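Novice: Okay, here's the structure, questions in a sec.
Now the structure itself:
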């Protein structure tokens, strides 16, 4: 069965510090991995995705994510957090030749000034 | 490029009433998705259309939910009759071809409250 886990409901970080939002996955076959951000009363906005190739993927707003096949992880990172990064972050996975898009339960990121 | 449009943005109904949501995908996108997002959870796929055909509706509660995508563009999702547990945000998304690697682009959602 395909699944995604975001082990932290909430992450707190001070502005200017690096941030990490964790994601682990379970799929049969090669995974396609995505990160989305959701601001209050808005839909999900695409940040980045891993399909194949370089394990470090760079995306919108200075975010990046590292695919680690041995640890089945796809953690989202940013070198220097901004207060405006405060939002709900979702990791999602899709497996090759498997139709559904599975989302994690989300991690609330709080960046304090 | 215009994004995915949804209406209404908010809807409050009594249980056992009917409700319909509308979605207009990004122009030219062949694939359209409807998701249900219950508070505190990630979105759950209800139905996926490829043009005007259904690709996956395995998680759609077909006794009360229905969806159509006439002419392969706009789509409507209907709930009849609504239950309290249907209170959620209903998200529409579209992607260009429906490939496994495609990015899905989401609309702002419709927040449904069933009283």
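Protein chains in written order, with the numbering used here: chain Z, 1 to 113; chain D, 1 to 115. Don't be surprised by glycine CBs; every beta carbon is placed ideally from N, CA and C. Treat the numbers as computed from the prediction; the structure is a model and nothing was measured.
1) Could you give the distance in angstroms between the alpha-carbon of residue 85 of chain D and the alpha-carbon of residue 42 of chain D?
2) Just the C-alpha distance for residue 45 of chain D and residue 100 of chain Z, rounded to the nearest angstrom, thanks.
3) Name the residue from D/31, D/18 and D/107 whose alpha carbon lies nearest to the alpha carbon of residue 101 of chain D.
4) DSSP on residue 74 of chain D, reduced to helix/strand/coil?
5) Can you tell me whether residue 4 of chain D is helix, strand or coil according to DSSP?
6) Name the DSSP bridge partner or partners of residue 47 of chain D?
7) Taking Cβ positions only, does residue 19 of chain Z come closer than 9 angstroms to chain D?
8) Are residue 10 of chain D and residue 76 of chain D closer than 9 angstroms when you measure CB to CB?
9) Taking residue 19 of chain Z as part of the beta strand (DSSP E), name the residues at either end of that continuous run.
10) Closer than 9 angstroms between beta carbons: that is the criterion. Which residues of the region 20-38 of chain Z meet it against chain D?
11) Helix, strand or coil for residue 8 of chain Z per DSSP?
12) Taking DSSP as the reference, what is the three-state secondary structure of residue 61 of chain Z?
13) So if DSSP puts residue 79 of chain D in a beta bridge, which residue, or which two residues, is it bridged to?
14) Would you say residue 6 of chain Z and residue 23 of chain Z are within 9 angstroms of each other, going by their C-beta atoms?
15) Which one of Z/60, Z/41, Z/89 and Z/56 has the shortest CA to CA distance from residue 108 of chain D?
16) Could you tell me whether the Cβ of residue 86 of chain Z comes closer than 9 angstroms to any Cβ of chain D?
17) When you compare the CB positions of residue 66 of chain Z and residue 49 of chain Z, do they come within less than 9 angstroms of one another, or not?
18) State the DSSP-derived secondary structure class of residue 56 of chain D, mapped to helix, strand or coil.
19) Please check if any C-beta of chain D sits within less than 9 angstroms of the C-beta of residue 70 of chain Z.
20) Is residue 84 of chain D helix, strand or coil by DSSP?
21) Just checking: is the beta-carbon of residue 54 of chain D within a distance shorter than 9 angstroms of some beta-carbon in chain Z?
22) Please identify, using Cβ separations under 7 angstroms, the residues of the region 86-109 of chain D that lie next to chain Z, in order along the chain.
23) Residues in the region 41-74 of chain D with C-beta within 9 angstroms of chain Z's C-beta atoms, listed in sequence order?
Specialist: On the basis of the supplied data:
1) Each residue's alpha carbon lies about 16 angstroms from the other.
2) Cα-Cα distance, rounded: 7 angstroms.
3) Nearest option by C-alpha distance: D/31.
4) It is coil, neither helix nor strand.
5) Note: residue 4 of chain D maps to coil in three-state DSSP.
6) Residue pairing by DSSP puts residue 47 of chain D in a beta bridge opposite D/34.
7) By this cut-off, residue 19 of chain Z is not an interface position.
8) Not in contact: residue 10 of chain D and residue 76 of chain D (Cβ atoms no closer than 9 angstroms).
9) Annotation: the continuous beta strand (DSSP E) that includes residue 19 of chain Z extends over 19-21.
10) Answer set for the region 20-38 of chain Z: 32, 34, 36 and 38.
11) The answer is coil: DSSP assigns residue 8 of chain Z none of H, G, I, E or B.
12) For residue 61 of chain Z, the three-state secondary structure derived from DSSP is helix.
13) Residue 79 of chain D is bridged to D/19 and D/65.
14) Cβ distance < 9 angstroms, so residue 6 of chain Z and residue 23 of chain Z count as in contact.
15) Taking the Cα of residue 108 of chain D as reference, the smallest distance to any Cα among Z/60, Z/41, Z/89 and Z/56 is reached at Z/41.
16) With 9 angstroms as the cut-off, residue 86 of chain Z does not count as an interface residue toward chain D.
17) Not a contact, by the Cβ cut-off of 9 angstroms.
18) Strand at residue 56 of chain D.
19) No, residue 70 of chain Z lies away from the interface with chain D (no Cβ there is under 9 angstroms from its Cβ).
20) The answer is helix: DSSP assigns residue 84 of chain D an H, G or I state.
21) Contact with chain Z is absent for residue 54 of chain D, since none of that chain's Cβ atoms lies less than 9 angstroms from the residue's Cβ.
22) Correct list: 91, 100, 101, 103, 104, 105, 106, 107, 108 and 109.
23) Residues of the region 41-74 of chain D with a C-beta atom less than 9 angstroms from some C-beta of chain Z are 41, 42, 43, 44, 45, 48, 55, 56, 58 and 59, listed in chain order.
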